[in-house]
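First to last, the sequence lines map onto chains E and D. Start counting at 1 in the first sequence, then tack on 532, and there's your number in our numbering. Start counting at 1 in the second sequence, then tack on 1268, and there's your number in our numbering. The C-beta atom is built at its ideal place from N, Cα and C for all residues, glycine as well. Here's the structure, in structure tokens; my notes come after.
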Amino acid sequence: MTGSLAQPATKAVKKRFSRFGGRETGVALALLVMCIVLAILNDRFLTTNNLLNIGRQVSLLGIMAVGMTFVLASGEVDLSVGSIYAFCGLVTGMVIVAGYGLFPSLMVGILAGIVIGIINGLLSTYGRLPSLIATLGMLSMVRGAALILTDGRPVTVNARNGANPDVLGQFTFLGQGAIAGVPMQLVFFVLIALAGWFLLARTSFGFRVLAVGGSTKAARVSGISVEKVKIAAFALMGGLAAFAGILSIAFLPSGQAGRTGLGLELDVIAATIVGGTSLAGGEGTIIGTILGVLIIGVLRNGLVLTGVSPFAQEFLIGLVIVVAVAIDRWTIRERRV
Amino acid sequence: MQTDTLPVVSFQRIGKSFPGVRALSNVSLALNPGEIHAVIGENGAGKSTLMNILAGVLAPSEGTLMLDGKPLRLSSPLEVRRRGIAVVFQELSLCRNLSVGENVMLPALAEIPPWQLIRRARAQARSREILARLGMDTDPATPLRDLSVAQMQLVEIARALVRKVRVLVLDEPNSALSPHESEHLFNIMRQLRDDGVAIVYISHHLNEVLAISDRISVMRDGELVESITDLSGVTVPHLVASMVGRDLGDAVPYGLTHKPAEAQPVLSLRDFRVPGEIHGIDLDLRPGEILGVGGLPGSGKDILAEAIFGLCPRSGEVTVCGQILPAQKPMAAIQGGIALIPADRRNGGALLTMSVAQNVVSSTLDRHSRIGVLLNALIGDTAARQIRAFDARVSGPAQVMGTLSGGNQQKIILSRGIVSEPRVLILHEPTRGIDVGAKAEIYAILKRLAQEGLAVLMISSELPELVLHANRVVMMAHGTLSRDFTGAEITEQNLMMAASVQPAHLVAEGAA
Chain E
533 MTGSLAQPAT KAVKKRFSRF GGRETGVALA LLVMCIVLAI LNDRFLTTNN LLNIGRQVSL
593 LGIMAVGMTF VLASGEVDLS VGSIYAFCGL VTGMVIVAGY GLFPSLMVGI LAGIVIGIIN
653 GLLSTYGRLP SLIATLGMLS MVRGAALILT DGRPVTVNAR NGANPDVLGQ FTFLGQGAIA
713 GVPMQLVFFV LIALAGWFLL ARTSFGFRVL AVGGSTKAAR VSGISVEKVK IAAFALMGGL
773 AAFAGILSIA FLPSGQAGRT GLGLELDVIA ATIVGGTSLA GGEGTIIGTI LGVLIIGVLR
833 NGLVLTGVSP FAQEFLIGLV IVVAVAIDRW TIRERRV
Chain D
1269 MQTDTLPVVS FQRIGKSFPG VRALSNVSLA LNPGEIHAVI GENGAGKSTL MNILAGVLAP
1329 SEGTLMLDGK PLRLSSPLEV RRRGIAVVFQ ELSLCRNLSV GENVMLPALA EIPPWQLIRR
1389 ARAQARSREI LARLGMDTDP ATPLRDLSVA QMQLVEIARA LVRKVRVLVL DEPNSALSPH
1449 ESEHLFNIMR QLRDDGVAIV YISHHLNEVL AISDRISVMR DGELVESITD LSGVTVPHLV
1509 ASMVGRDLGD AVPYGLTHKP AEAQPVLSLR DFRVPGEIHG IDLDLRPGEI LGVGGLPGSG
1569 KDILAEAIFG LCPRSGEVTV CGQILPAQKP MAAIQGGIAL IPADRRNGGA LLTMSVAQNV
1629 VSSTLDRHSR IGVLLNALIG DTAARQIRAF DARVSGPAQV MGTLSGGNQQ KIILSRGIVS
1689 EPRVLILHEP TRGIDVGAKA EIYAILKRLA QEGLAVLMIS SELPELVLHA NRVVMMAHGT
1749 LSRDFTGAEI TEQNLMMAAS VQPAHLVAEG AA
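Structure representation (structure tokens):
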């Protein structure tokens, strides 16, 4: 009797494990192995300085990947994030250079990102365009808008160009400052990741995103408005891409419409997918996404530390993305059944 | 009608088992050249399985298939086609992106080796010939997607005629055709028969079957019941009796504890229409009753559930508890007190990637969250309570929905509906793809819910399900409703007759 009772219990434990841990466990393990190998190969890898450095380097990618997790989990994709990053960063920079205060400047940039996100969402739902096409078009249009707006010239945020010195100080602190040695960019990434985790895992909005991505029809039968949920996911993505772009221009502190964030959308999507979010929708966790972002960040950092040529770095990063997703796909049947 | 000649194809003691289901047992059937051979039976009687064996899609578990007196080992559908056997299934398998001509010639074009060029002009001319034979003067260059469903059905048939055909199987070939188009198709069938082709005609429309066939074989529960060659004196009621003639002695129809007719209806449809599917029906559903809705494929019954719930466009009036429901607003339907259990679990009902608990609460998120934050403890409680109430066999609320059996998935989807505290429960094919044991449990649940005062609308293709588990039944035919059947009138014979009637305007047309 006890035996027959115990068996379902262990089965349940296994199910629980595979549901809540399985996906992330694989990625976490890969990350751990990578860190151990790098720590052995190079004694500078495990220094606080280097780790904080990695953290800062992945922050902007990470902030956008949090947004991308929502978009992919809802069954869509957003290719325009690199352009939103550039456009909104430049807009905020220009508003500051024009002498406005910090808060209105940030709001203008972030709202622009949200509006572009909503347009992406409207085109992909009520507009009945596949989001791949809609956001491919927006990638070009938003980049073009940034070029028109800046006339293709770089925007540099400094006092000489007209920024209010106080505002300039606050603005550059967002990009370059640190709290207790932790770079501000990393602080923002951690806060946004926590909020994103809560939103996806603990709120009815996150639930609806996963339901819509899992099965549009079943979501509709449950009374969920598929269109509104997807538009909200795009809007969130747009806002986060804008914020990352603003942090970028605050860090540098300049940007150029023809260069900033070029091709960034591919890094963001790659990191999110390495983290276990399904391109088909319905599956995704913020913890996985963070691990995916860290894998790409640690790999890039490690390759630099160990002196691998930049050309070989590009190749190896691509290889890791393919291998990571391949392992995920090949093991999907075991997880499902 | 030369029944003395050697059969082209003969099924000899064919049996087919699927895991847990015996689809065919001991079926022996001969297909003779120059004969139109109708195969009839209810859904699930085994007609399709038998034809899939002939088409080389399925291999028989027992028995042999003979072609020209020699055992036939069918390796692939392509091989079957080379031997002169063409099966036209009811589901269209056309490429919407290609032209009409390319679709007709597709099997022939697919066989051209890659290093050979396709002679487009010749292929087009050939397809035009075949289409003309079927009475279609459509230009072969027309994109297929510009055609009506009826025309597509003819293209599907045309494809079977590209090569010389010896055996032609037509599964419900005229379900989308107008009477005029059907008549033309029948003429072609007669012409092919006179050319010596063995034709298998599968249809639910029994008056047409009687009009055109030389021989009628009746299947029931995977067995061949009878094969009638002398059709003089055979009538539709006779065929119906033969198709449904199961022993219903042990079945106890659901008994009413009160007279629902006196209660106010909770759901009313007035002049309810779905473009092209349902042409103005009126329906009242009262608390405590299980109202069954049946009908043949294409009768409009398959769109009814989703149209009431608001998943597709409709017109007319839907009233729930005296309140008019807006069209195409599923959330309003849920809040108004309707719960829908859709037909297709894998692609509609279940959130397969999510947990059992999440599936239970997915339509009541507002009640299971506070200012947008999910109340996980409450969700767990609700899920655990529903799992117990519906006796669903799951390892726990966290189990992934996709790993459950069909029956258990259906119980979870039912519990989702109940959690929203509906006044009306609409089920579409509630037991499709569910094993016998779980079926019985689901019927028991429905009965209990009805006795507790829920109004249940059960839409089903399974006549026995309607006969045994509904206390009032209406049948749909050509987008309209039959009269009510209640009590002792609910028999498979009566329902089948009501489902296969010609609509009044078509009967009048035929008489004139």
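- Task: Say whether chain E places a C-beta atom closer than 9 Å to the C-beta of serine 1567 of chain D.
- Result: On the second sequence, position 299 is the one that residue 1567 of chain D refers to. With 9 Å as the cut-off, serine 1567 of chain D does not count as an interface residue toward chain E.
- Query: Would you say the stretch 1711 to 1724 of chain D touches the stretch 1756 to 1769 of chain D, given that touching needs at least three Cβ pairs under 8 Å?
  - Reply: no
- Query: Over what stretch of residues does the alpha helix (DSSP H) that includes arginine 1350 of chain D continue unbroken?
  - Reply: Locating residue 1350 of chain D in the second sequence gives position 82, counting from the first residue. 1345 to 1350 is the span of the alpha helix (DSSP H), which, as asked, contains arginine 1350 of chain D.
- Query: With C-beta atoms as the reference, is valine 1692 of chain D less than 9 Å away from isoleucine 1571 of chain D?
  - Reply: Your numbering for residue 1692 of chain D matches position 424 in the second sequence. Your numbering for residue 1571 of chain D matches position 303 in the second sequence. The answer is no: Cβ separation not under 9 Å.
- Query: Does any CB atom of chain E fall closer than 9 Å to the CB of arginine 1281 of chain D?
  - Reply: Here residue 1281 of chain D refers to the residue found at position 13 of the second sequence. Judged by the 9 Å Cβ criterion, arginine 1281 of chain D is not in contact with chain E.
- Query: From D:Ser1623, D:Ile1602 and D:Leu1559, pick the residue whose C-alpha is nearest to that of leucine 1579 of chain D; which is it?
  - Reply: Within the second sequence, numbered from 1, the residue matching residue 1579 of chain D stands at position 311. Considering only alpha carbons, the answer is D:Ile1602.
- Task: Pull up the DSSP beta-bridge partners for lysine 760 of chain E, would you.
- Result: Position 228 of the first sequence, counted from the first residue, corresponds to residue 760 of chain E. Lysine 760 of chain E pairs with nothing; no bridge assigned.
- Query: Pairing CB atoms from the stretch 1477 to 1488 of chain D with CB atoms from the stretch 1300 to 1310 of chain D, are three or more of them under 8 Å?
  - Reply: yes
- Query: Between valine 840 of chain E and the rest of its own chain, which residues show a CB-CB distance below 8 Å, the 5 nearest in sequence each way excluded?
  - Reply: In the first sequence, residue 840 of chain E corresponds to position 308, counting from 1. Excluding positions up to five away in sequence, the list reads Leu848.
- Nearest to leucine 1564 of chain D by CA position, among D:Met1373, D:Phe1658, D:Gly1747 and D:Ile1282, is which residue? Locating residue 1564 of chain D in the second sequence gives position 296, where the first residue counts as 1. When only C-alpha atoms are compared, the closest one is D:Gly1747.
- Between glutamine 1761 of chain D and valine 1508 of chain D, which are expected to be in contact by the criterion C-beta below 8 Å, what is the C-beta distance as a whole number of angstroms? On the second sequence, position 493 is the one that residue 1761 of chain D refers to. On the second sequence, position 240 is the one that residue 1508 of chain D refers to. Contact flag correct, Cβ pair sits at about 5 Å.
- Message: Quick check on leucine 1516 of chain D - is its C-beta less than 9 Å from some C-beta in chain E?
- Response: Indexing the second sequence from 1 puts residue 1516 of chain D at position 248. Interpretation of leucine 1516 of chain D is limited by its pLDDT of 39, a score under 50 that renders its predicted location unreliable; the figure taken from the coordinates is listed afterwards. Not closer than 9 Å to any Cβ of chain E, the Cβ of leucine 1516 of chain D fails to qualify, so no.
- Short check: CB of isoleucine 1713 of chain D to CB of phenylalanine 1658 of chain D, under 9 Å? On the second sequence, residue 1713 of chain D is found 445 positions in, with the first residue counted as 1. On the second sequence, residue 1658 of chain D is found 390 positions in, with the first residue counted as 1. Their beta carbons are under 9 Å apart, which means isoleucine 1713 of chain D touches phenylalanine 1658 of chain D by this criterion.
- Query: Taking Cβ-Cβ distances shorter than 7 Å, what residues in chain D pair up with arginine 734 of chain E?
  - Reply: For the purposes of this step, residue 734 of chain E is taken as residue 202 along the first sequence, with counting starting at 1. Near arginine 734 of chain E (Cβ distances below 7 Å), the residues of chain D are Val1641 and Leu1642.
- Taking buried to mean at least 16 other C-beta atoms within 10 Å of its own C-beta, is glycine 850 of chain E buried or exposed? Within the first sequence, numbered from 1, the residue matching residue 850 of chain E stands at position 318. It is exposed - the Cβ of glycine 850 of chain E has fewer than 16 other Cβ atoms within 10 Å.
- Can you list the residues of chain E that glutamine 1421 of chain D reaches, using a CB-CB cut of under 9 Å? Counting from one through the second sequence, the residue named residue 1421 of chain D turns up at place 153. Neighbours of glutamine 1421 of chain D on chain E: none; closest Cβ ~26 Å, over 9 Å.
- Message: At a cut-off of 8 Å, would you count serine 1630 of chain D as near the ligand PLP, judging by its Cβ distance to the nearest heavy atom?
- Response: Looking for the ligand PLP in the displayed structure turns up nothing, as the structure carries no ligands at all.
- Task: Could you work out which residues of chain D lie near arginine 752 of chain E, taking near to mean beta carbons separated by less than 8 Å?
- Result: The residue given as residue 752 of chain E occupies position 220 in the first sequence. Near arginine 752 of chain E (Cβ distances below 8 Å), the residues of chain D are Leu1579 and Pro1598.
- How would you list, in chain order, the residues of chain D whose beta-carbon sits under 8 Å from the beta-carbon of glutamate 815 of chain E? Mapped onto the first sequence, residue 815 of chain E falls at position 283. The contacting residues are Thr1621.
- Message: For the stretch 589 to 610 of chain E, list every residue whose C-beta sits within 8 Å of some C-beta in chain D, in sequence order.
- Response: none
- Task: Note down the Cα distance separating alanine 1738 of chain D from serine 1750 of chain D, rounded to an integer number of angstroms.
- Result: Indexing the second sequence from 1 puts residue 1738 of chain D at position 470. Indexing the second sequence from 1 puts residue 1750 of chain D at position 482. In a straight line, the C-alpha of alanine 1738 of chain D is about 16 Å away from that of serine 1750 of chain D.
- Task: Using DSSP bridges, identify the partner residues of methionine 1743 of chain D.
- Result: The count along the second sequence starts at 1 and reaches residue 1743 of chain D at position 475. DSSP output for methionine 1743 of chain D lists D:Gly1562 as bridge partner(s).
- leucine 1725 of chain D: buried (16+ other C-beta within 10 angstroms of its C-beta) or exposed? Reading the second sequence from its first residue, position 457 is the one you call residue 1725 of chain D. Buried, because 16 or more other Cβ atoms sit within 10 Å of the Cβ of leucine 1725 of chain D.
- Message: DSSP has glutamine 1280 of chain D in a bridge; who is on the other side?
- Response: To locate residue 1280 of chain D, count along the second sequence from 1; it is residue 12. DSSP, once it has assigned bridges, lists D:Thr1332 as partnering glutamine 1280 of chain D.
- Taking only beta-carbon positions, decide if aspartate 1634 of chain D is within less than 9 Å of chain E. Here the question's residue 1634 of chain D lines up with position 366 in the second sequence. With 9 Å as the cut-off, aspartate 1634 of chain D counts as an interface residue toward chain E.
- Where do the ends of the beta strand (DSSP E) carrying isoleucine 1609 of chain D lie? Here residue 1609 of chain D corresponds to residue number 341 of the second sequence, with the count starting at 1. Its beta strand (DSSP E) spans residues 1606 to 1609.
- Query: What does a CB cutoff of less than 8 Å around glutamate 1347 of chain D pick up in its chain, not counting 5 residues either side in sequence?
  - Reply: For the purposes of this step, residue 1347 of chain D is taken as the residue at position 79 of the second sequence. Taken in chain order, the residues that qualify are Gly1324.
- Message: Buried or exposed, going by whether 16 or more other CB atoms sit within 10 Å of the CB of threonine 1525 of chain D?
- Response: Numbered from 1 along the second sequence, position 257 holds the residue referred to as residue 1525 of chain D. Any reading at threonine 1525 of chain D is ruled out, since the residue's pLDDT is 44, under 50, leaving its predicted position unreliable.
- Could you work out which residues of chain D lie near serine 672 of chain E, taking near to mean beta carbons separated by less than 8 Å? Taking the first residue of the first sequence as 1, we reach residue 672 of chain E at position 140. Per Cβ cutoff of 8 Å: no residues; serine 672 of chain E is ~27 Å from chain D at best.
- Verify whether the separation of the beta carbon atoms of leucine 1815 of chain D and valine 1277 of chain D is less than 9 Å. Because residue 1815 of chain D is not part of the residues shown, which for chain D are 1269 to 1780, the question remains open.
- Message: For the beta strand (DSSP E) containing aspartate 1634 of chain D, name the first residue and the last one.
- Response: The residue labelled residue 1634 of chain D in the question sits at position 366 within the second sequence. Segment: none, aspartate 1634 of chain D is in no beta strand (DSSP E) and carries neither H nor E.
- Return no unless some Cβ of chain E is closer than 9 Å to the Cβ of glycine 1674 of chain D. Within the second sequence, residue 1674 of chain D is the residue found at index 406, counting from 1. No - not a single Cβ of chain E is within 9 Å of the one on glycine 1674 of chain D.
- Residue burial classification, leucine 1363 of chain D (beta-carbon count within 10 angstroms, cutoff 16): Counting from one through the second sequence, the residue named residue 1363 of chain D turns up at place 95. It is cysteine, not leucine, that sits at residue 1363 of chain D in the sequence shown. Looking at its Cβ environment, which holds fewer than 16 other Cβ atoms inside 10 Å, cysteine 1363 of chain D is exposed.
- Query: chain D partners of alanine 743 of chain E, CB-CB under 7 Å?
  - Reply: Against the first sequence, residue 743 of chain E aligns to sequence position 211. Simply Leu1619, Met1622 and Ser1630.
- For histidine 1547 of chain D, write down the residues that DSSP places opposite it in a beta bridge. If you number the second sequence from 1, residue 1547 of chain D lands on position 279. DSSP, once it has assigned bridges, lists D:Arg1541 as partnering histidine 1547 of chain D.
- Spatial neighbours of leucine 768 of chain E within its chain, please: CB distance less than 6 Å, with the 5 preceding and 5 following residues excluded, ordered by chain position. By 1-based counting over the first sequence, the position of residue 768 of chain E is 236. Counting only Cβ-Cβ distances below 6 Å, and skipping sequence neighbours, we find Gly599 and Phe602.
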